[in-house]
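Accompanying notes for the structure given below.
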Amino acid sequence: MSIPSKEKGALKNLQIDIGGNIPHVDELKSYTIGYQTKNNRISGLCLFSCGLDRIPKEIEQLDQLETLYLRGNNITKFSEIMCTLKLLKSIDISENRLHYIPDAIISLDALEELHIETNNLRHLPEKIGKLRNLEYLDVSGNKLAELPESISNLDKLKFLDLSNNEINKLPRSIGALHSLQFLYLGNNNLKTLPESIGFLKSLKRLNIRKNLLAQLPKSFGSLTSLTSCFLKGNNLKTLPESIGNLTSLKYLGINTNNLETLPDSIGLLDKLENLSLGNNELMSIPKTIGKLKSLLRFDIQNNSIKTLPDTLGELKLLNYFWANNNAIEILPSSIGNLKYLSSLDLKQNQLKVLPESIGSLSSLLELELYDNKLEHLPNSIGQLDNLEILDLSSNKLLDLPKTICQLKSLKEFDLSTNKISTLPNCIGNLSNLKNLILGFNKLKEIPETIGKLQELETLDLGKNLLKAVPDSIGNLNSLKYLYLYYNNLKEIPDSINSLTKLEYFNLSNNEIEILPDSLESLKNVEYFLIKSNKLAHISDSIKEMKALKHLDVEKNNIQDEPNFFSELRELGVKIIK
5 MSIPSKEKGA LKNLQIDIGG NIPHVDELKS YTIGYQTKNN RISGLCLFSC
55 GLDRIPKEIE QLDQLETLYL RGNNITKFSE IMCTLKLLKS IDISENRLHY
105 IPDAIISLDA LEELHIETNN LRHLPEKIGK LRNLEYLDVS GNKLAELPES
155 ISNLDKLKFL DLSNNEINKL PRSIGALHSL QFLYLGNNNL KTLPESIGFL
205 KSLKRLNIRK NLLAQLPKSF GSLTSLTSCF LKGNNLKTLP ESIGNLTSLK
255 YLGINTNNLE TLPDSIGLLD KLENLSLGNN ELMSIPKTIG KLKSLLRFDI
305 QNNSIKTLPD TLGELKLLNY FWANNNAIEI LPSSIGNLKY LSSLDLKQNQ
355 LKVLPESIGS LSSLLELELY DNKLEHLPNS IGQLDNLEIL DLSSNKLLDL
405 PKTICQLKSL KEFDLSTNKI STLPNCIGNL SNLKNLILGF NKLKEIPETI
455 GKLQELETLD LGKNLLKAVP DSIGNLNSLK YLYLYYNNLK EIPDSINSLT
505 KLEYFNLSNN EIEILPDSLE SLKNVEYFLI KSNKLAHISD SIKEMKALKH
555 LDVEKNNIQD EPNFFSELRE LGVKIIK
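Take any residue in the sequence shown, count from 1 to its spot, add 4: that is its number in the numbering used here.
Right under this line is the structure:
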C-alpha cells in the first residue's frame, strides 16, 4: 500500500503528537486508535483518548478524510481546520471540552453523522440547518437550553439525541423533520411539547423520560409510526384519547408520573407488547385493557388499585404481570386463563383469598404474595407444576394444604412471618427445594421427612416454638445455612455432624446447656452463633472447626476459659462473649 508522502508525513507527526503508533485497521470504530485507507488515500482516522487538547493541524493534510473520530480527549476548540475537509461524512468529537461549534461547520456539506455528545455546549450554530445531508446528530450530555429554528431544515435527519441537556422548550419548526425516526429528549426541562410534534410521521422511537410534562398535545396520536414511547418520570395526570391511534406501538412506558386514570382508547393498541404504568396514582384499570392481545409484560406496581377487571384474563399471551404494592383485595377468576404467565407479583396488597383458578397458571415460575392477608391457600395451588419461587411471607396463614407438596419444581419457598403451627408430613416431597424459610411462625415440631430435602442449602426455623430438631436433619447434605435462633431447644442432635457443607449456624436464644462433641465435623462453618443460651462450658470440638471466623457466645453461663479463647483468637477467630 502506497499513500502520498504528505499523508505519510502527517501520520508520522500525529504519532509523535500522541506518543504512540497509529495502526492501519480494516474497520474504524470510535473507541480505537487507527487509520483507514481508500484508493491508497487516508480516508478515516480515529484518535480515541490520546490526551489531545487541540485538533492536530496535521489533519489538514488528510484532505480525503471521510471519517474523523476524536472521542475522549481534552479538546476545547472546534478548530476551523476541520471545516476545510470537504469530504467528511462522519465526525465524532464527543467526550471533550468543547464550548461552541463555529458557523464554519456548514461548509461540511457532505456531513452525514455528527457526534458531539458530552461536551460543554450551550448553543448550536444558528446555521446548522445548512447541513442538508445530516442524518445523525447526537448532542446529548451538554448544556443546551434551546435549539435554533434552522434545525427544521435538516430534512434528511433520522436520528436526533438531545437528552441530558437543559432544554425547556422545542421550536415549533421541529415538526418539519419529516425523516426523523429516533428522537431522544430525556433528562431535560420540558414542560410542554408543541402541537407540531404530531407531524413527525416517520418517528419510531420517542424518549421524553425525566422531564416536567404535565400533559401531552392532542396531536400526539398522529405519531402513527411510533413503536416505542418512553414517558417515565414526568408529571402526567392523564393521557389524551388520541393515544389509541398509536396502533404501531409495542412499548409504552408511563411509569413514575401522576396518572389517575387511563383512557378507554388504550385498548386500541393491539400491537402493544410492554405496558409500564408503575408508580402512578391509578385506582382502577379500564376493561378495555383486555383488548391488548399482544401484551407480554404488564406493570402496574405502586399504585392504589383495588380491583382488577375480569378482562385481564383475555391477555392470553401475557408473560409477566407486576401488580405489587397496590390495594388489591380480590383477583378475578379469569386470571387462570393466563396460560403463558411466568411471573406474577402481587406482594404488598390486601388479598385475603386466592381463586381456585390460580392453579391453571401452568407456565408460572414465580409467585410473589408477600405482605397480604391470606389465611388459607386453595388446594389448586399444587397444580403449579413449573413453579420455582413461592413467597408467602408476612401473611396470616394458619396451615398449608397437602397439595403444596406436589410442587416438585419449587426451589425457593418463603413462609416466614405467618401463624403456621404444623407442616404437612409430605414436605419432604419438595425434592428440588434449595431455600426453605419458616422463621417467625408457631411451629412446635418439624416432620422427620424434612431430611429428604437433599438439595436444601438454606433452612430457617428461627423464632418458632421448637423443643427439638429431628435426627433426619443430618441428611441435609447440601445445607450451608441453618437458622435455629429463638426457639426452646435444649439440645441439638448428634446427626448435626453430617452437615459437612454448613457455613453459617445460628443457635442463639435457646436453652442449650451442652454442645455435642460431634461439632468437630463441621469443618466449613465460618459463623457460629450460640449467644443467649445456658452453656456453662464450651466444647473443645469447636477448636476443630477449621474454617471458623466468628464465634458468638455472649450471654451464657460460661466460666472463664482464657486458654480456650486465646487459642481461638490466635487462629484468627473473632469472639464475642
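Here a beta-carbon is modelled for each residue, glycine too, at the ideal position from N, C-alpha and C.
- Contact annotation: the region 371-378 touches the region 388-399, with at least three C-beta pairs closer than 8 Å.
- Cα atoms of Glu-84 and Cys-54: separation of roughly 20 Å, rounded to the nearest angstrom.
- Restricting attention to Lys-415, Ile-450 and Leu-216, the CA atom closest to the CA of Cys-430 is found in Ile-450.
- Here Glu-461 carries a coil assignment [DSSP, helix/strand/coil].
- Judged by DSSP in its simplified three-state form, Thr-251 adopts coil rather than helix or strand.
- Partner residues in the beta bridge of Thr-71, as assigned by DSSP, are Gly-48 and Ser-94.
- At a cut-off of 3 residues, the continuous stretches assigned as beta strand (DSSP E) that sit fully inside the region 437-495 are 439-441, 462-464 and 485-487.
- For Gly-38, the enclosing beta strand (DSSP E) starts and ends at 37-42.
- Taking the C-beta atoms as reference points, Leu-141 is found nearer than 9 Å to Leu-161.
- Leu-66 sits away from Glu-121, with the two beta carbons spaced by 9 Å or more.
- The Cβ atoms of Leu-321 and Pro-359 do not sit closer than 9 Å to each other.
- Under the three-state reduction of DSSP, Arg-58 is assigned to coil, being neither helix nor strand.
- Glu-11: member of the alpha helix (DSSP H) spanning 9-22, first to last residue.
- Between the alpha carbons of Leu-427 and Pro-497 lies a distance of about 20 Å.
- DSSP assignment within the region 96-143 yields no whole alpha helix (DSSP H) run of 4 residues or more.
- Judged by their CB atoms, Leu-539 and Leu-519 are nearer to each other than the 9 Å cut-off.
- Note on geometry: alpha-carbon atoms of Gly-76 and Ser-361 lie some 58 Å from one another.
- CA-CA distance, Asn-491 to Asn-215, rounds to 53 Å.
- Rounded to the nearest angstrom, the gap between the Cα atoms of Pro-244 and Asp-268 is 10 Å.
- Using a Cβ distance threshold of 9 Å, Leu-434 and Leu-440 count as a contacting pair.
- Scanning its chain for C-beta atoms nearer than 6 Å, with the 5 sequence neighbours on each side dropped, one finds around Asn-328 the residues Gln-305, Asp-349, Lys-351 and Gln-352, in chain order.
- At the C-beta level, Glu-524 and Ile-542 stay beyond 9 Å of one another.
- DSSP places Lys-578 in the uninterrupted beta strand (DSSP E) bounded by 578-580.
- By the Cβ-count criterion, Leu-470 is buried, with 16 or more other Cβ atoms from all chains shown falling within 10 Å of its own Cβ.
- Under the 10 Å beta carbon count, Gly-23 is surrounded by fewer than 16 other beta carbons and is classified as exposed.
- Shown here, Asn-513 sits in coil according to DSSP, grouped into three states, outside any helix or strand.
- Separation of Leu-194 and Leu-166 (C-alpha to C-alpha, rounded to the nearest whole angstrom) is 12 Å.
- Gly-257 sits in a strand when the DSSP states are folded into three classes.
- By the 16-neighbour rule on beta-carbons within 10 angstroms, Ser-420 is buried.
- Taking Ile-562 as the centre and dropping the five residues before and after it, the same chain places the C-beta of Leu-539, Ala-540, His-541, Ile-542 and Lys-581 closer than 8 Å to its C-beta, in chain order.
- Secondary structure at Glu-64: helix, using DSSP grouped into helix, strand and coil.
- The criterion of a C-beta distance shorter than 9 Å is satisfied by Leu-506 and Asn-528.
- Under DSSP, Phe-532 forms a beta bridge with Phe-509 and Leu-555.
- In the three-state scheme derived from DSSP, where H, G and I count as helix and E and B as strand, Glu-277 is classed as coil.
- Inclusion of Tyr-39 and Phe-52 in the CB contact set at 9 Å is not warranted, their separation being larger than that value.
- Non-local beta-carbon contacts of Phe-444 in its own chain, meaning distances under 6 Å to residues more than five positions away in sequence, involve Ser-420, Thr-421 and Lys-467 in chain order.
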